[in-house]
Amino acid sequence: MELLVKKAKRGDAEAFITLMEENKQSMYKVARGFLRSEEDAADAMAETVLNCYEKIGCLKESAYFKTWMIRILINNCKDILQRQRRQMPAEDIPEREDERYGDGISEFRELIEPLGEQDRSIFTLYYVYGMKVREIASYMEMKESTVLSRLKRGREALRDEMSGSYVKGGRL
Amino acid sequence: MRDSRETYTGRRKPSVESGGWAYADERRASVKNGREEILPQVVEDRLQEAYEQIRRGEIRQMNRQTDLDMEDSYRGRSNRKRKMTGRKGRGAGKSGRSFAGAAAVLALVIFIPSAVYAAVVYFQKSEHREGDALTYEFALNYELTPGEYRVKADYIPEGFADDEDGDGKYYGENEEWITIMPIYTTAELDRINNEITLSGIDEVKHTELSGMEADVVTPGDAERNRSNTHIFLFNEEEGYVLQIVAGYGIDKKELLKFSDSLHVERIGDGSYETEEEKAKRQQEEADSASAMLEGEKRWDALMALGIPEEKIYGVGEELRVENYDQPCGFTVTDYAFVDSMEGFAEENFFDFTRFEGWLNGDKTLRPYLRQHLDKEGAVISEEQAEQEFLRVDLKVHSYVDADPDVALDFALQYVTKTEDGGLTWAEDSYEPVPSEEYFLQMDDSSVWFDKAVHVNGGERSHFFFRDMKAGEELEYTLLFVVDKDREEDFLLYPRSVNNDLWQTESMTAEEIRDGLEGYISLQK
Chain A
1 MELLVKKAKR GDAEAFITLM EENKQSMYKV ARGFLRSEED AADAMAETVL NCYEKIGCLK
61 ESAYFKTWMI RILINNCKDI LQRQRRQMPA EDIPEREDER YGDGISEFRE LIEPLGEQDR
121 SIFTLYYVYG MKVREIASYM EMKESTVLSR LKRGREALRD EMSGSYVKGG RL
Chain V
173 MRDSRETYTG RRKPSVESGG WAYADERRAS VKNGREEILP QVVEDRLQEA YEQIRRGEIR
233 QMNRQTDLDM EDSYRGRSNR KRKMTGRKGR GAGKSGRSFA GAAAVLALVI FIPSAVYAAV
293 VYFQKSEHRE GDALTYEFAL NYELTPGEYR VKADYIPEGF ADDEDGDGKY YGENEEWITI
353 MPIYTTAELD RINNEITLSG IDEVKHTELS GMEADVVTPG DAERNRSNTH IFLFNEEEGY
413 VLQIVAGYGI DKKELLKFSD SLHVERIGDG SYETEEEKAK RQQEEADSAS AMLEGEKRWD
473 ALMALGIPEE KIYGVGEELR VENYDQPCGF TVTDYAFVDS MEGFAEENFF DFTRFEGWLN
533 GDKTLRPYLR QHLDKEGAVI SEEQAEQEFL RVDLKVHSYV DADPDVALDF ALQYVTKTED
593 GGLTWAEDSY EPVPSEEYFL QMDDSSVWFD KAVHVNGGER SHFFFRDMKA GEELEYTLLF
653 VVDKDREEDF LLYPRSVNND LWQTESMTAE EIRDGLEGYI SLQK
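Sequence order for the protein chains is A and V. Note that this note's numbering numbers the first sequence so that position 155 is 155, with each residue one more than the last. Just add 172 to the spot in the second sequence (first one is 1) and you have this note's numbering.
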């Protein structure tokens with residue numbers, strides 16, 4: 001990946017696109033951790049692709065390309081959320097089901113609704129998209145311990161409701 | 173639920189598959205490894221749109237002028253430990269020239285009676301050569317509507333595939349490539365301040381190709397630097413400039429034959445930026461430049477502060493990574509510089525293919541041609557560098573109650589002495605000459621790890637990670653490749669720490685220094 005990053009920094013558009021193709025699954029997981037609809041995730045990802053291409057020259061450490069890119073993505077996701085919040089109540093935001101996961105994801109989102117926005121994102125990234133605590137901490141610029149404690153606190157808060165498969169299938 | 177992802181493997185859109193060239197093998201490997209999954213169509217479509225914008229040259233990289241210039245800048249910036257001052261300095265100079273050029277063009281546009289050329293040409297080109305830099309300036313005829321164009325080549329070199337997607341890209345069998353990208357319309361020329369500047373060039377040959385005035389541009393030291401070849405075709409009557417870029421290694425005659433077989437079709441009208449759009453873009457560019465400048469000032473301040481003595485640990489001392497509430501402690505227990513990799517299993521190399529061609533029969537390393545670059549990226553000297561392996565024996569201790577997932581790899585941090593005898597980060601750098609095609613010391617990372625568990629398929633990206641049990645202690649060994657004459661020029665640090673070093677755009681020098689987790693010195 002680092003060679004691709006270096007080539008991309010030289011202005012090699014195809015190297016950059018290859019990088020994005022290599023990372024698009026991770027991007028999608030993160031975007032869906034924040035955003036309810038596929039369309040919004042698509043918008044955030046496309047915007048991130050363009051932002052990263054514009055700014056890759058500013059990336060000093062090739063090895064941290066993915067972390068850098070995901071942070072840009074998260075900012076774009078947050079921008080979309082803020083715009084939506086200004087435009088309509090959260091409950092009115094259209095949701096399109098993620099077909100890959102069937103109905104479960106909707107139920108899960110409903111289940112974690114009482115949590116704060118950041119905790120909902122952490123829960124979704126961890127339980128739905130199987131990201132590691134280290135990855136979540138890196139992407140969200142948090143300490144791993146913070147992610148762990150938020151997961152722990154959130155689980156306790158949801159203990160009564162979360163008796164289904166999600167926690168049983170989890171790693172904590 | 174996580175496991176359900178594994179069923180979505182092995183398929184992707186044909187357009188994506190056909191979009192790559194040099195990395196096709198990587199993509200195939202990726203598919204083989206089962207890492208490919210299906211994304212919703214709306215996501216794929218939006219990504220493709222973004223890629224197309226990039227391919228069409230609609231999205232510009234900050235401070236990027238031309239590929240030629242980037243090759244120069246890249247060489248200067250490729251050392252991750254150096255700041256970007258040199259690049260910035262050049263950029264600032266270019267920027268000033270750019271505005272001066274734009275002003276001159278503006279004057280030209282005002283004083284040339286529009287009727288004289290409006291009916292004839294879309295632009296008039298002039299060029300200026302200064303040292304190894306060449307600038308094309310364009311006086312645009314704003315009375316004509318910018319066009320949008322499609323280009324097709326009649327002649328395609330043997331072994332190259334046709335441009336099925338029509339995106340101006342042609343791929344050879346052995347990773348050769350030719351692109352016709354971007355197509356500078358008059359709208360695009362207006363957006364880039366009416367000029368194109370190339371630097372680092374050796375020769376410009378004026379000729380005619382496909383019935384158009386053409387320049388074949390050869391970079392300096394093209395062979396040594398594995399540089400691309402650039403050809404510009406100018407069509408003042410139809411209103412576009414084509415830039416053909418071909419990767420190193422393509423036969424020049426074939427490239428010229430290709431470039432002489434182009435058909436350009438106008439497929440629609442474009443438009444100039446409105447004043448509002450232009451002002452918004454310029455403001456964004458100014459904001460970005462300002463942020464980068466501030467970051468560079470902070471970098472200079474950080475370099476002056478240096479690495480605090482108390483954050484440099486010795487052999488046998490534990491570097492405890494304190495920034496997590498679940499800390500781990502790393503201790504270098506022993507080390508040795510060794511000539512040969514004899515006794516170090518091939519399967520424990522992260523990527524042994526990189527060593528192909530670099531090992532002698534006795535498993536010692538061949539020397540390579542090395543450049544010493546100053547902090548601006550200018551070449552100071554060049555010499556053969558003898559190489560060796562550095563074996564580092566480590567111990568990591570988990571201090572947490574939970575079972576952490578720990579990154580165990582280390583990297584080398586090259587340093588230099590300050591006037592007061594302390595250490596600071598080295599801003600000069602040593603790089604292989606590009607023609608060496610040498611990747612053994614890439615990013616100064618460890619190349620070998622004897623306790624790897626994530627070794628198969630996509631897991632290999634976690635090669636240096638291991639799950640540890642609460643309170644567990646693990647001994648392991650890493651290998652690095654180093655230059656024999658630089659044995660005392662570096663510190664070691666766990667790859668997962670000291671990340672704030674690069675956050676000069678958001679943190680002060682003092683904040684970064686105070687937040688450093690630490691380094692390990694083999695000399696202490």
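All C-beta atoms in this analysis are idealised placements derived from N, C-alpha and C, irrespective of residue type, glycine included. Note that the structure is predicted; figures quoted are calculated from it, not measured.
Point to revise | Residues of the region 29–57 of chain A with Cβ closer than 7 Å to any Cβ of chain V, in chain order | key: 38, 39, 41, 42, 43, 45, 46, 49, 50, 53, 54, 55, 56 and 57
Report task. Using a Cβ cut-off of 8 Å (strictly closer), state whether residue 148 of chain A contacts chain C. Result -> Given the protein chain composition of this structure (A and V), no chain C is represented.
Are residue 478 of chain V and residue 491 of chain V close, meaning C-beta to C-beta below 8 Å? It is not a contact, given that the beta carbons lie outside the stated cut-off.
Counting along the chain, where does the alpha helix (DSSP H) carrying residue 460 of chain V start and finish? It spans 447–477 - the alpha helix (DSSP H) in which residue 460 of chain V sits, taken as one unbroken run.
Point to revise | Nonlocal neighbours in the same chain, by C-beta distance under 6 Å from residue 27 of chain A, ignoring five residues either side | key: Excluding sequence positions up to five before and after residue 27 of chain A, its CB lies within less than 6 Å of the CB of 45 and 73, all in the same chain and listed in chain order.
At a CB-CB cut-off below 9 Å, which residues of chain V make contact with residue 65 of chain A? The premise fails here: residue 65 of chain A is roughly 11 Å from chain V at the closest Cβ pair, so nothing lies under 9 Å.
Subject >> Contact under 8 Å by Cβ, residue 428 of chain V with residue 381 of chain V >> reply: Taking 8 Å as the Cβ cut-off, residue 428 of chain V and residue 381 of chain V qualify as a contacting pair.
Q.
Counting C-beta neighbours from all protein chains within 10 Å, is the total for residue 340 of chain V 16 or more, i.e. buried, or is it exposed?
A. buried
For this session: State the beta-bridge partners of residue 441 of chain V as determined by DSSP.
Result: V/319
(request) Below 8 Å on the Cβ atoms is my guess for residue 384 of chain V versus residue 361 of chain V; work out the distance and round it to an integer in Å. (result) With 8 Å as the limit, residue 384 of chain V and residue 361 of chain V do not qualify as a contact, their Cβ atoms being about 16 Å apart.
Among all the DSSP beta bridges, which residues are the ones paired with residue 666 of chain V? V/582
The region 621–631 of chain V in contact with the region 552–570 of chain V per 3-pair CB rule at 8 Å
no
Return the CA-CA distance between residue 441 of chain V and residue 353 of chain V, expressed in angstroms with no decimal places. 18 Å
Note to self: Here's the rule I'm using: 16 or more other beta-carbon atoms within 10 Å means buried, otherwise exposed. How should residue 327 of chain V be labelled?
What the structure shows: It is exposed - the Cβ of residue 327 of chain V has fewer than 16 other Cβ atoms within 10 Å.
Open item on the list: Against chain A, does residue 479 of chain V count as a neighbour if the rule is that its beta carbon must be under 8 Å from one of theirs?
Closed with: no
Item to check | Where the alpha helix (DSSP H) containing residue 26 of chain A begins and where it ends | outcome: 13–34
Does the beta-carbon distance from residue 565 of chain V to residue 636 of chain V come in below 8 Å? No; because the gap between Cβ atoms is not below 8 Å, this pair is not in contact.
Practice prompt. Note the first and the last residue of the continuous beta strand (DSSP E) segment covering residue 608 of chain V.
Written response: No beta strand (DSSP E) holds residue 608 of chain V; DSSP gives it neither H nor E.
Checklist entry - In whole angstroms, what separates the C-alpha of residue 221 of chain V from that of residue 310 of chain V? => result 29 Å
(request) Could you tell me the distance, in whole angstroms, from the CA atom of residue 200 of chain V to the CA atom of residue 18 of chain A? (result) For residue 200 of chain V, the predicted structure reports a pLDDT of 28, less than 50, and the residue's modelled location is therefore unreliable. A value from the coordinates is still provided. Whole-angstrom Cα-Cα distance: 12 Å.
**Straight-line gap, residue 32 of chain A to residue 154 of chain A (C-alpha atoms, nearest Å)** = Each residue's CA atom was taken as its position, placing residue 32 of chain A and residue 154 of chain A some 19 Å apart.
- prompt: Helix, strand or coil: how does DSSP classify residue 574 of chain V here?
  reply: coil
Worksheet item: Mind checking if residue 62 of chain A is an interface residue toward chain V, Cβ cutoff 8 Å exclusive?
Response: At least one chain V Cβ lies under 8 Å of residue 62 of chain A.
So which residues of chain V does residue 24 of chain A contact, with C-beta pairs closer than 8 Å?
211, 215 and 219
(Q) Buried or exposed, going by whether 16 or more other CB atoms sit within 10 Å of the CB of residue 632 of chain V? (A) Exposed.
*Report yes or no: is there a C-beta of chain V within less than 8 Å of the C-beta of residue 17 of chain A?*
yes
May I ask which residues mark the beginning and end of the alpha helix (DSSP H) holding residue 45 of chain A? 38–55
Quick check: the region 508–527 of chain V against the region 611–624 of chain V, are at least 3 beta-carbon pairs closer than 8 Å? yes
Practice problem: Using 10 angstroms around the beta-carbon of residue 658 of chain V, count the other beta-carbons present and answer buried if the total reaches 16, otherwise exposed. | Solution: exposed
Starting from the beta carbon of residue 574 of chain V, find every residue of chain A whose beta carbon is closer than 8 Å, and list them in chain order.
148
- Query: The alpha helix (DSSP H) with residue 127 of chain A in it runs from where to where?
  - Reply: No alpha helix (DSSP H) holds residue 127 of chain A; DSSP gives it neither H nor E.
| task | Compare the C-beta of residue 223 of chain V with all C-beta atoms of chain A and state if any pair is closer than 8 Å. | result | yes
Residues of chain A with a CB under 7 Å from the CB of residue 416 of chain V: which are they? Per Cβ cutoff of 7 Å: no residues; residue 416 of chain V is ~14 Å from chain A at best.
task = Spell out the partners DSSP gives residue 349 of chain V in its beta bridges.
result = Answer is V/343.
Worksheet item: Ordered along the chain, which non-local residues of its own chain (more than five positions away) have a Cβ less than 6 Å from that of residue 594 of chain V?
Response: Within the same chain, residue 594 of chain V has close Cβ partners 478.
* Nearest chain V C-beta to residue 140 of chain A closer than 8 Å, yes or no? -> no
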